[in-house]
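Have a look at the structure below before the remarks.
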Amino acid sequence: MLNTELLNPASTAQLERAGELLQQGKLVAVPTETVYGLAADATNPDAVSAIFTAKGRPADHPLIVHLHDISALTHWAQHIPPSAYVLAEAFWPGPLTLLLQKADHVSPVVTGGLDSIGLRVPAHPVLLELLTRFKLAVAAPSANPYKKLSPTSAQQVMATMAGKVDAVLDGGDCEFGLESTIVSLLGDRVEVLRAGPIGVAALEQVLGFAVHQPKKHQVKVSGNVLAHYQPNTPLYCLTFSALSQYLDGTQQKVAVLHITPLATPRPHALPQQVSFQMPSDPVAYGRALYRVMYEADALGVDTILLELPGTDPQWSAVQDRLARASSDPTNIVGMLSSST
Ligand code: TXA
Ligand code: MG
271 MLNTELLNPA STAQLERAGE LLQQGKLVAV PTETVYGLAA DATNPDAVSA
321 IFTAKGRPAD HPLIVHLHDI SALTHWAQHI PPSAYVLAEA FWPGPLTLLL
371 QKADHVSPVV TGGLDSIGLR VPAHPVLLEL LTRFKLAVAA PSANPYKKLS
421 PTSAQQVMAT MAGKVDAVLD GGDCEFGLES TIVSLLGDRV EVLRAGPIGV
471 AALEQVLGFA VHQPKKHQVK VSGNVLAHYQ PNTPLYCLTF SALSQYLDGT
521 QQKVAVLHIT PLATPRPHAL PQQVSFQMPS DPVAYGRALY RVMYEADALG
571 VDTILLELPG TDPQWSAVQD RLARASSDPT NIVGMLSSST
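The opening residue of the sequence shown carries number 271 in the numbering used here; numbering runs sequentially from there.
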């Protein structure tokens with residue numbers, strides 16, 4: 271067990287401590303604008319391999335390398351197509367990860383043995399300052415145990431990773447709350463492999479040609495594992511009317527994440543039904559989702575019920591995470607029929 275330090279970047283000494291730890295090959299959880307990352311010096315294969323141990327993540331799952339600036343691109347990648355520069359100029363620093371052919375010197379530990387590498391310049395000022403000041407590039411997956419919810423605050427990181435990492439740098443709540451959009455520039459066409467804060471329309475507008483978003487793909491993206499981002503409590507996503515019907519008929523302890531206001535007073539509402547009013551705007555919803563799921567999970571309820579949000583493209587990152595976080599939807603059908 272490590273004695274995990276909680277560092278406050280408002281103190282120069284504590285920010286420097288984070289930089290020193292990284293330079294020494296230690297693990298530091300760092301804030302990004304998407305979710306917290308579990309960082310190690312990307313040039314140090316031993317440090318990077320400790321990330322996999324701390325997370326319990328299989329060694330063949332590649333990591334994203336976080337750069338201080340677009341100028342570092344040529345150090346980490348080779349045969350970079352012009353579209354990479356177009357996207358990087360438009361969206362970096364920001365929640366966009368580009369998959370490119372890795373430079374020869376990059377350790378396969380970082381890329382899970384692949385010839386490609388995921389790169390991004392994060393937009394969080396604390397992390398950017400750390401990378402710039404210490405001339406670092408850090409490999410960092412989300413700072414959660416394998417298959418668990420990505421953390422959007424330092425407290426959430428501490429709750430699951432204390433004892434497993436050397437330090438957590440507290441940069442406050444994450445601005446987006448959902449992981450970066452992953453775009454592959456490896457093939458003939460540009461493909462979105464993980465939906466995220468930057469949507470297909472925004473990418474197409476900048477590139478001036480079509481971007482593909484395959485429903486199924488073989489490329490290794492851990493978010494591509496179907497059972498991922500799962501809370502410990504079973505989560506079911508359903509329409510508002512199905513959700514209301516279920517609530518009225520159940521004796522279970524339930525947490526409800528809804529967009530449509532619940533009728534008040536609800537005549538049948540039980541004290542063990544805890545409701546969370548979710549934002550109706552997709553960006554605000556994304557920012558809240560993991561935090562609320564995490565809170566709901568900590569309540570010790572039997573079930574988390576979630577009202578399905580919209581289906582238009584602005585919701586695609588949220589829809590993607592919900593599909594992966596939810597338990598088998600056929601179960602809810604069984605629960606509904608047994609409750610009536
Ligand atoms: O917003 C984010 O992307 C956050 C923050 C910390 O930057 N990071 C993150 O990392 O979500 P992680 O490891 O939880 O998810 C990154 C995904 C993984 O599913 C990995 O498989 C994929 O990126 N990835 C990384 N390098 C890749 C590569 N060379 N080829 C295919 N997929 C890759
Ligand atoms: Mg992750």
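Using N, Cα and C, we set each Cβ at its ideal position, and we do this for glycine too. None of these values were measured; they are calculated from a predicted model.
Could you check where the alpha helix (DSSP H) with residue i kicks off and where it finishes?
i, result
"GLN589", "586-595"
What is the DSSP secondary structure of residue i, counted as helix, strand or coil?
i, result
"THR422", "coil"
"ASP311", "strand"
"GLY556", "helix"
"LYS372", "strand"
"PHE446", "coil"
"TYR355", "helix"
"ILE574", "strand"
"ARG464", "strand"
"GLY289", "helix"
"ALA512", "helix"
"HIS331", "coil"
"VAL526", "strand"
"GLU303", "coil"
"LEU517", "helix"
"GLY493", "The predicted model places GLY493 with a pLDDT of 45, which falls under 50 and marks its position as unreliable; any figure quoted below should be read in that light. GLY493: helix per DSSP, three-state reduction."
"THR274", "coil"
"VAL347", "Checking the sequence shown, residue 347 turns out to be Ala, not Val. It is a strand residue."
"LEU397", "helix"
"TYR564", "helix"
Looking at the unbroken beta strand (DSSP E) that takes in residue i, where does it start and where does it end?
i, result
"SER281", "Unbroken run through SER281: none, as it is neither H nor E."
"GLN543", "543-547"
Among the residues of its own chain, which have a CB less than 6 Å from the CB of residue i, if the five just before and after it don't count?
i, result
"ALA358", "ILE340"
"ASP572", "GLN522, LYS523"
What's the C-alpha gap between residue i and residue j?
i, j, result
"LEU439", "VAL544", "32 Å"
"GLU445", "ARG327", "26 Å"
"TYR560", "GLU449", "11 Å"
"PRO643", "GLY519", "Since the first and last residues shown for the chain are 271 and 610, residue 643 lies out of range."
"VAL356", "GLN521", "55 Å"
"ALA283", "PRO363", "25 Å"
"LYS523", "MET563", "15 Å"
"LEU272", "ASP551", "40 Å"
"LEU477", "ASP458", "14 Å"
"SER386", "ALA480", "22 Å"
"ALA472", "LEU366", "11 Å"
"ARG403", "LYS417", "33 Å"
"VAL435", "VAL427", "10 Å"
Near residue i, what residues of its chain come up, given a Cβ to Cβ distance below 8 Å and the 5 sequence neighbours on each side ignored?
i, result
"PRO411", "GLY307, LEU308, ILE321, LYS325, ARG327, HIS331, LEU333, ILE334, SER492"
"LYS490", "Confidence in LYS490 is poor, its pLDDT being 49 and thus under 50, which makes the residue's placement too unreliable to answer from."
"GLY580", "PRO552"
Once you ignore the five residues that flank residue i on each side, which residues in its own chain have a CB closer than 7 Å to its CB?
i, result
"PRO415", "LYS325, GLY326, THR430"
"ALA432", "THR274"
"LEU455", "PRO351, SER353, ALA354, LEU368, LEU369, LEU370"
Three CB pairs or more closer than 8 Å across the stretch 548-566 and the stretch 578-595 = At 8 Å Cβ cutoff, the stretches touch.
If we count Cβ pairs, one from each stretch, closer than 8 Å, do we get three or more for the stretch 285-303 versus the stretch 366-380?
-> Touching, no.
Count the CB pairs spanning the stretch 558-568 and the stretch 387-395 that are closer than 8 Å, and state whether there are at least three.
-> Note that the stretch 558-568 does not touch the stretch 387-395; fewer than 3 beta-carbon pairs, one per stretch, sit closer than 8 Å.
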